[in-house]
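Shown next, in structure tokens, is the structure this report addresses.
In this note's numbering, the protein residues as written are 33 to 383.
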């Protein structure tokens with residue numbers, strides 16, 4: 033509650049500096065779906081309607097080209113809360129550019145994780161549901177936003193961009209309760225268009241589990257290739273290091289059983305490959321494969337997800353899709369973990 037009040041007061045204070053209310057940009061996204069499960073066998077034929085994502089974004093231009101951004105989330109599925117449809121502040125930050133010369137910016141407040149934000153600039157299929165979220169978000173390896181600051185700038189010779197971030201490391205929903213902070217360095221290189229290369233390194237510490245096993249580390253790399261609207265591909269690598277107890281307590285990796293590894297630090301590796309290609313002036317096909325071995329050296333702990341989708345652009349602001357996904361779990365992933373698959377109809381509404 034205190035954090036929400038702080039965010040609202042912060043928003044109102046800076047909002048008063050806006051040039052005019054008419055200049056405030058309001059946008060958002062509503063995602064809808066209807067799903068039918070074919071696996072597990074006991075759930076075959078089960079169906080449900082859902083709202084996997086709902087966002088409202090406010091951007092208020094300030095004097096000297098500074099910017100205030102506030103984003104609200106009221107989704108059915110989100111990592112920030114277990115309550116369905118409760119509205120939470122997803123982002124609330126001030127972007128300051130007037131203090132610098134050239135393409136530099138300082139972002140302060142409840143800031144988005146730079147890696148995920150950069151991914152979602154080009155990955156537009158989050159509306160299909162949790163299976164199609166960025167790997168670090170859907171498996172809870174990174175919070176989407178956190179309290180802290182980020183400094184962003186261009187690389188020399190127009191090679192690309194970079195950002196350094198320092199945050200609490202507790203996510204948007206938890207209060208900082210220890211001395212450790214989480215730092216990250218993001219670099220995206222883009223001189224060889226249509227190729228783009230991105231890397232990200234995150235290092236922090238879980239205060240609860242002690243210095244010896246409390247290290248939190250993420251190593252990420254992504255290569256993408258895109259030819260206008262014709263086709264696009266991406267290959268991503270993810271390396272992780274966490275206390276096994278943190279994986280259990282924070283419910284990371286879909287309930288992975290790490291009971292026998294309590295008190296130890298574990299490493300994980302994963303990857304994602306996707307291809308999107310046009311099949312007509314308004315339609316395109318998506319194929320994606322995700323793989324994760326969350327505990328390297330332990331047999332039967334891996335999981336794999338395959339996704340196929342056909343999307344159609346109904347209007348400039350409405351897109352519809354039919355998708356099939358299948359997730360397979362290793363034999364020792366967790367007690368009761370069973371392969372699952374479903375078919376869904378989905379729609380994305382932008383405003």
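Glycine included, each C-beta is placed from N, C-alpha and C at the ideal position.
Predicted model only: the values in this text are computed from it and were never measured.
Residues that DSSP places opposite residue i in a beta bridge
i: residue 236; result: 248
i: residue 202; result: According to DSSP, residue 202 bridges with nothing at all.
i: residue 117; result: Answer by DSSP bridge pairing: none, since residue 117 is not bridged.
i: residue 229; result: 221 and 255
i: residue 269; result: 253 and 303
i: residue 215; result: 198 and 235
i: residue 186; result: 193
Of the listed residues the options, nearest to residue i (C-alpha basis)
i: residue 320; options: 165, 235, 226 and 251; result: 165
i: residue 116; options: 274, 296, 85 and 175; result: 85
i: residue 170; options: 256, 304 and 124; result: 304
i: residue 353; options: 57, 65, 61 and 227; result: 65
i: residue 284; options: 325, 69, 55 and 213; result: 325
i: residue 435; options: 317, 197 and 186; result: Nothing can be reported for residue 435, as the shown portion of the chain is limited to 33 through 383.
i: residue 349; options: 93, 61, 265 and 55; result: 61
i: residue 346; options: 382, 363 and 335; result: 382
i: residue 274; options: 290, 268 and 265; result: 290
i: residue 251; options: 102, 223, 73 and 218; result: 218
i: residue 312; options: 192, 160, 262 and 119; result: 262
i: residue 144; options: 266, 182 and 264; result: 182
i: residue 180; options: 167, 193 and 200; result: 200
i: residue 124; options: 226, 103, 244 and 118; result: 103
i: residue 88; options: 369, 247, 330 and 58; result: 58
i: residue 246; options: 212, 98 and 307; result: 212
i: residue 134; options: 187, 293, 73 and 343; result: 187
i: residue 295; options: 240, 254, 192 and 249; result: 240
i: residue 380; options: 293, 77 and 161; result: 161
i: residue 343; options: 360, 376 and 359; result: 376
i: residue 280; options: 327, 359 and 314; result: 327
i: residue 56; options: 122, 83 and 98; result: 98
i: residue 189; options: 158, 300, 223 and 108; result: 223
i: residue 260; options: 232, 231 and 227; result: 227
i: residue 202; options: 235, 230 and 167; result: 235
i: residue 108; options: 101, 128, 93 and 82; result: 82
i: residue 307; options: 272, 268 and 297; result: 268
i: residue 314; options: 351, 334, 299 and 293; result: 351
i: residue 256; options: 372, 336 and 221; result: 221
i: residue 238; options: 173, 264, 369 and 309; result: 173
i: residue 70; options: 378, 318, 369 and 356; result: 356
i: residue 316; options: 264, 168 and 167; result: 264
i: residue 271; options: 292, 151, 96 and 299; result: 299
i: residue 338; options: 368, 367, 152 and 372; result: 372
i: residue 286; options: 362, 310 and 229; result: 362
Three-state class that DSSP yields for residue i in the structure shown
i: residue 181; result: strand
i: residue 224; result: coil
i: residue 50; result: Any reading at residue 50 needs caution, since the residue's pLDDT is 46, under 50, leaving its predicted position unreliable; the model's value is listed next. Note: residue 50 maps to coil in three-state DSSP.
i: residue 274; result: strand
i: residue 97; result: helix
i: residue 300; result: strand
i: residue 383; result: coil
i: residue 33; result: Only weak support is given to the placement of residue 33: the predicted model assigns it a pLDDT of 47, under 50, and the question is left unresolved by the model.
i: residue 210; result: coil
i: residue 261; result: coil
i: residue 106; result: coil
i: residue 293; result: helix
i: residue 368; result: coil
i: residue 74; result: helix
i: residue 373; result: strand
i: residue 173; result: coil
Start and end residues, alpha helix (DSSP H) containing residue i
i: residue 167; result: 167-170
i: residue 197; result: No alpha helix (DSSP H) contains residue 197, which is instead part of the beta strand (DSSP E) from 192-199.
N- and C-terminal bounds of the beta strand (DSSP E) containing residue i
i: residue 89; result: 79-93
i: residue 163; result: Where residue 163 is concerned, there is no enclosing beta strand (DSSP E), given that its DSSP letter is neither H nor E.
i: residue 283; result: Residue 283 -> no beta strand (DSSP E), and no H or E assigned at all.
i: residue 65; result: 57-71
i: residue 122; result: 120-128
Next on the checklist: What ranges does the beta strand (DSSP E) occupy inside the region 312-362, keeping only unbroken runs of at least 3 residues that lie completely in it?
Outcome noted: 315-325, 335-347 and 350-361
Next on the checklist: As an exercise, report each continuous alpha helix (DSSP H) stretch of at least 4 residues that is fully enclosed by the region 131-158, in chain order.
Outcome noted: 146-154
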